[in-house]
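Protein chains in written order, with the numbering used here: chain A, 1 to 234; chain B, 1 to 219.
The beta-carbon is built from N, C-alpha and C at its ideal position, and this holds for glycine as well.
Note that the structure is a prediction, hence the values are computed from the model and not measured.
So the structure is just underneath, and the comments pick up after that.
What follows is the structure in structure tokens.
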């Protein structure tokens, strides 16, 4: 049956309005639940960097127990007032000029009574963003734990950055040389000796992701170097 | 299949309707026989859990889009029918995506763009054009479920094989005993990569055709 133009226009208008209204209601209804999921995942990641294994159900409780203090700093290491560290979006901050960036810092106090400083990092992998959290011991130099995640790196190759095997390599590596120069942690090919404090072994077949991870650590952690130096007397 | 018009009322699960459900699972399978919707079958079958969630999502979307289009079929202007179909499918897919994000966040992350890509899944448009536009709501709904299940069955079979041999797990649980690894067994990394999904689907197609000779192309 052939319909008139008027019919077609009215038909499509009604259809689009109905669809738009119903989708809006559904999206509004589910929004708070979706945001909770994202917050819980962030808490799980932060806790994982200090080797606390949190599930979806106990993440909030464990986060409140172990993360005793949060603050936001600028790249000179000065604390910024009135900014909630947890809600700072690193992806947005990294696009700003270095001196305007707001950098979140999370302080965890674990069962051993020591304080660990956790900072977020974010960069580019082969296919999309990669990110993670680095926890430092109270010398503000030695890495206590690192956790990474990625949007869509190749399974079995680049995606190996979020396996224990890769993440464990970062434990006890140091960000500063003994003369106080910031060097970050390099991700290099061909194996690394245990005594090498500033490099880890890259992933075979995941060269671009490994390089991206190295750049991410350097670019993000360099903004924190003043803070680390002041705090750790490096 | 399209001349399925019925003169008199028939039982909800008449032989004809049961056939609508069963055929796509085997003899008229959307993936192995119609060769539709292959791309997502390659991408989401590394593990069983995403494969199952994807199968369910596609089943829900095909069933309800078939139902809605069939209900509207006499009012849809033929000149914009593809647009109307797309709007219905897109709406359902967005709803599914939002619900997954709210209730099974970890799975929704694994499925990532593939839920959104259900919109362009050829199975959906194929069934809407070939079936729902010319059939009553109930048979259309069953046809949608049947095709969703047919798609899902292959996805789950591929996911099962890939997770078992690629990671030594099923649904995230370790199934291959530690002793086997200690004795020198290793997971097959090839299973995790997309080409293996294509090879497994190829093997399934081969097995199915050697059992059902009538499926083999005459040419």
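Mind checking the region 8-21 of chain A against chain B and listing, in chain order, the residues whose C-beta falls within less than 8 Å of any C-beta there?
8, 11, 12, 15, 16 and 19
Tell me residue 134 of chain A's beta-bridge partners as DSSP assigns them.
Taking the first residue of the first chain as 1, we reach residue 134 of chain A at position 134. By DSSP's assignment, residue 134 of chain A forms a beta bridge with A:119 and A:146.
Rounded C-alpha distance that separates residue 4 of chain A from residue 81 of chain B:
For the purposes of this step, residue 4 of chain A is taken as residue 4 along the first chain, with counting starting at 1. For the purposes of this step, residue 81 of chain B is taken as residue 81 along the second chain, with counting starting at 1. Using only the alpha carbons, I get a separation of about 14 Å.
Under 8 Å: do the region 157-176 of chain B and the region 121-141 of chain B share three or more Cβ pairs, one atom per stretch?
Two segments are said to touch when three or more pairs of C-beta atoms, one from each, lie closer than 8 Å; by this definition the region 157-176 of chain B does not touch the region 121-141 of chain B.
Measure from the C-beta of residue 98 of chain B to each C-beta in chain A and report whether the shortest distance is under 8 Å.
For the purposes of this step, residue 98 of chain B is identified with residue 98 of the second chain, where counting begins at 1. Closer than 8 Å: yes.
Count the other CB atoms, across all protein chains shown, that sit within 10 Å of the CB of residue 16 of chain A; report buried if there are 16 or more and exposed otherwise.
The residue given as residue 16 of chain A occupies position 16 in the first chain. Counting Cβ neighbours within 10 Å, residue 16 of chain A comes out exposed, since fewer than 16 surround it.
Our contact map puts residue 61 of chain B next to residue 192 of chain B with C-beta atoms below 8 Å; I'd like the distance itself, whole angstroms only.
What you label residue 61 of chain B is simply residue 61 of the second chain in a count that begins at 1. What you label residue 192 of chain B is simply residue 192 of the second chain in a count that begins at 1. So it is not a contact: roughly 27 Å between Cβ atoms.
Measure how close the beta-carbons of residue 116 of chain A and residue 50 of chain A come, nearest whole angstrom, since I'm counting them as under 8 Å.
Position 116 of the first chain holds residue 116 of chain A. Position 50 of the first chain holds residue 50 of chain A. Indeed they touch by this definition, with Cβ atoms about 5 Å apart.
Please report how far the alpha carbon of residue 216 of chain B lies from the alpha carbon of residue 209 of chain B, in whole angstroms.
The residue given as residue 216 of chain B occupies position 216 in the second chain. The residue given as residue 209 of chain B occupies position 209 in the second chain. Approximately 6 Å between the Cα atoms of the pair.
Extent of the continuous beta strand (DSSP E) to which residue 199 of chain A belongs
Your numbering for residue 199 of chain A matches position 199 in the first chain. Segment 199-201, the beta strand (DSSP E) holding residue 199 of chain A.
Extract the residue ranges of the alpha helix (DSSP H) inside the region 11-69 of chain B, only unbroken runs of 4 or more that lie entirely within it.
15-22 and 38-43
What residues are listed by DSSP as bridge partners for residue 129 of chain A?
Here residue 129 of chain A corresponds to residue number 129 of the first chain, with the count starting at 1. Note: residue 129 of chain A sits in a beta bridge opposite A:124.
Ignore the nearest five residues each way along the sequence and tell me which others in residue 169 of chain A's own chain have a CB closer than 7 Å to its CB.
Sequence index remark: in the first chain, residue 169 of chain A carries index 169 (1-based). 200 and 201, listed in sequence order.
Express the C-alpha separation of residue 35 of chain A and residue 22 of chain A in angstroms, rounding to a whole number.
Position 22 of the first chain holds residue 22 of chain A. Position 35 of the first chain holds residue 35 of chain A. Spanning the two alpha carbons is a distance of roughly 20 Å.
For the beta strand (DSSP E) holding residue 103 of chain A, just list the boundary residues, first then last.
For the purposes of this step, residue 103 of chain A is identified with residue 103 of the first chain, where counting begins at 1. Segment 103-109, the beta strand (DSSP E) holding residue 103 of chain A.
If I measure Cβ to Cβ from residue 87 of chain B and keep anything under 8 Å in the same chain, skipping five residues before and after, which residues do I get?
By 1-based counting over the second chain, the position of residue 87 of chain B is 87. Cβ within range, chain order: n/a, list empty.
Is there a C-beta anywhere in chain B that falls below 8 Å from the one on residue 6 of chain A?
Here the question's residue 6 of chain A lines up with position 6 in the first chain. With 8 Å as the cut-off, residue 6 of chain A does not count as an interface residue toward chain B.
Sorted by chain position, which residues of the same chain lie with C-beta nearer than 7 Å to residue 136 of chain A's C-beta, five sequence neighbours on each side aside?
Here residue 136 of chain A refers to the residue found at position 136 of the first chain. 116, 117, 142, 143 and 144, listed in sequence order.
Rounded to the nearest angstrom, how far is the Cβ of residue 71 of chain A from that of residue 119 of chain A, given a contact under 8 Å?
Looking up residue 71 of chain A in the first chain gives position 71. Looking up residue 119 of chain A in the first chain gives position 119. Contact flag wrong, Cβ pair sits at about 11 Å.
Contact between the region 68-83 of chain B and the region 132-147 of chain B is defined here as three or more beta-carbon pairs at a separation below 8 Å; is this criterion met?
Three or more Cβ pairs closer than 8 Å define a contact, and the region 68-83 of chain B meets that threshold against the region 132-147 of chain B.
Secondary structure of residue 124 of chain B, DSSP reduced to three states
Position 124 of the second chain holds residue 124 of chain B. Helix.
Residue 35 of chain B versus residue 108 of chain B - alpha carbon distance
Translated into the one-based positions of the second chain, residue 35 of chain B becomes position 35. Translated into the one-based positions of the second chain, residue 108 of chain B becomes position 108. One alpha carbon belongs to residue 35 of chain B, the other to residue 108 of chain B, and they sit about 25 Å apart.
Thinking C-alpha only, which one of A:178, A:217 and A:75 is nearest residue 226 of chain A?
Numbered from 1 along the first chain, position 226 holds the residue referred to as residue 226 of chain A. Among A:178, A:217 and A:75, the Cα nearest to that of residue 226 of chain A belongs to A:75.
Helix, strand or coil: how does DSSP classify residue 10 of chain A here?
Numbered from 1 along the first chain, position 10 holds the residue referred to as residue 10 of chain A. Here residue 10 of chain A carries a helix assignment [DSSP, helix/strand/coil].
Rounded separation between residue 98 of chain B and residue 159 of chain A - CA only:
Reading the second chain from its first residue, position 98 is the one you call residue 98 of chain B. Reading the first chain from its first residue, position 159 is the one you call residue 159 of chain A. Using only the alpha carbons, I get a separation of about 26 Å.
Quick one: residues in its chain with C-beta nearer than 7 Å to the C-beta of residue 56 of chain A, no 5 flanking neighbours on either side, listed in chain order?
For the purposes of this step, residue 56 of chain A is identified with residue 56 of the first chain, where counting begins at 1. These residues qualify, in order along the chain: 40.
Find the residues of chain B that neighbour residue 156 of chain A, judging by a C-beta separation of less than 7 Å, and give them in chain order.
The count along the first chain starts at 1 and reaches residue 156 of chain A at position 156. Ordered by position in chain B, the residues that pass the 7 Å Cβ test against residue 156 of chain A are 189, 192 and 193.
Just to confirm the assignment, what range does the beta strand (DSSP E) spanning residue 275 of chain A have?
What is shown of chain A runs 1 to 234, which leaves residue 275 of chain A out entirely.
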